[in-house]
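K.L.:
Counted from 1, the sequence shown has number 8 at position 9 by numbering that gives the first Met the number 0; the numbering is strictly sequential. Glycine included, each C-beta is placed from N, C-alpha and C at the ideal position.
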Amino acid sequence: MKIPEDIVCLICEEQIRQNGNFFPGEDYLQKLSDKAECIVYYSPSGISGFVFFYCNDEKNFSSYISLLMVTCAERKKGVGAALIRSVLNFTKQKRFNYCRLEVRKENIAAIGLYKSMGFRSIEDRSDKYLMEATAS
Numbered sequence: 000m001k002i003p004e005d006i007v008c009l010i011c012e013e014q015i016r017q018n019g020n021f022f023p024g025e026d027y028l029q030k031l032s033d034k035a036e037c038i039v040y041y042s043p044s045g046i047s048g049f050v051f052f053y054c055n056d057e058k059n060f061s062s063y064i065s066l067l068m069v070t071c072a073e074r075k076k077g078v079g080a081a082l083i084r085s086v087l088n089f090t091k092q093k094r095f096n097y098c099r100l101e102v103r104k105e106n107i108a109a110i111g112l113y114k115s116m117g118f119r120s121i122e123d124r125s126d127k128y129l130m131e132a133t134a135s
């Protein structure tokens, strides 16, 4: 799947806004393009958010959210929750049991969202948490 240009633009804008900490770089985008699933949330004004995730870990029966973004104008409106619900539903349809993700410890808003969606921290990874939710 080729990542649509408008999503690439949003990623680049967020990368600048977060001083280079949003995603690792061009190789990462290529990996997402080659191997990840993508769900996009549209509003009348265009793309409000998107999520890239993998649902191919047949050993552990888990999906993995790799990159989730909601535009600044659409934050706190349920877009992130809708995207996460979509991933959890996809995970369940694939008959996988869990969904995992990493989140930076300073991203308090995201941690709150993930906890409200049933995620719990399962591992402390220096500046990040590994979180997991049951796909039910």
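Among 104, 7, 119 and 113, which has the Cα closest to the Cα of residue 126?
P.N.:
Of the listed residues, the one whose Cα sits closest to residue 126 is 104.
K.L.:
Hey, out of 30, 88 and 78, whose CA is closest to residue 109's CA?
P.N.:
78
K.L.:
Who are residue 120's beta bridge partners in DSSP?
P.N.:
130
K.L.:
Using three-state DSSP, classify residue 79 as helix, strand or coil.
P.N.:
helix
K.L.:
By DSSP, does residue 74 sit in helix, in strand, or in coil?
P.N.:
coil
K.L.:
Which value, in whole angstroms, describes the spacing of the CA atoms of residue 97 and residue 129?
P.N.:
13 Å
K.L.:
Reducing DSSP to helix, strand and coil, say where residue 85 ends up.
P.N.:
For residue 85, the secondary structure class from DSSP, reduced to helix, strand or coil, is helix.
K.L.:
Just list the residues that DSSP pairs residue 101 with in beta bridges.
P.N.:
DSSP, once it has assigned bridges, lists 129 as partnering residue 101.
K.L.:
Please identify the residue among 35, 33, 11 and 80 whose C-alpha is closest to the C-alpha of residue 24.
P.N.:
11
K.L.:
Just how far apart, CA to CA, sit residue 17 and residue 39?
P.N.:
Straight-line spacing of the CA atoms in residue 17 and residue 39 works out to 21 Å.
K.L.:
What three-state label does DSSP hand residue 38 in the structure shown?
P.N.:
strand
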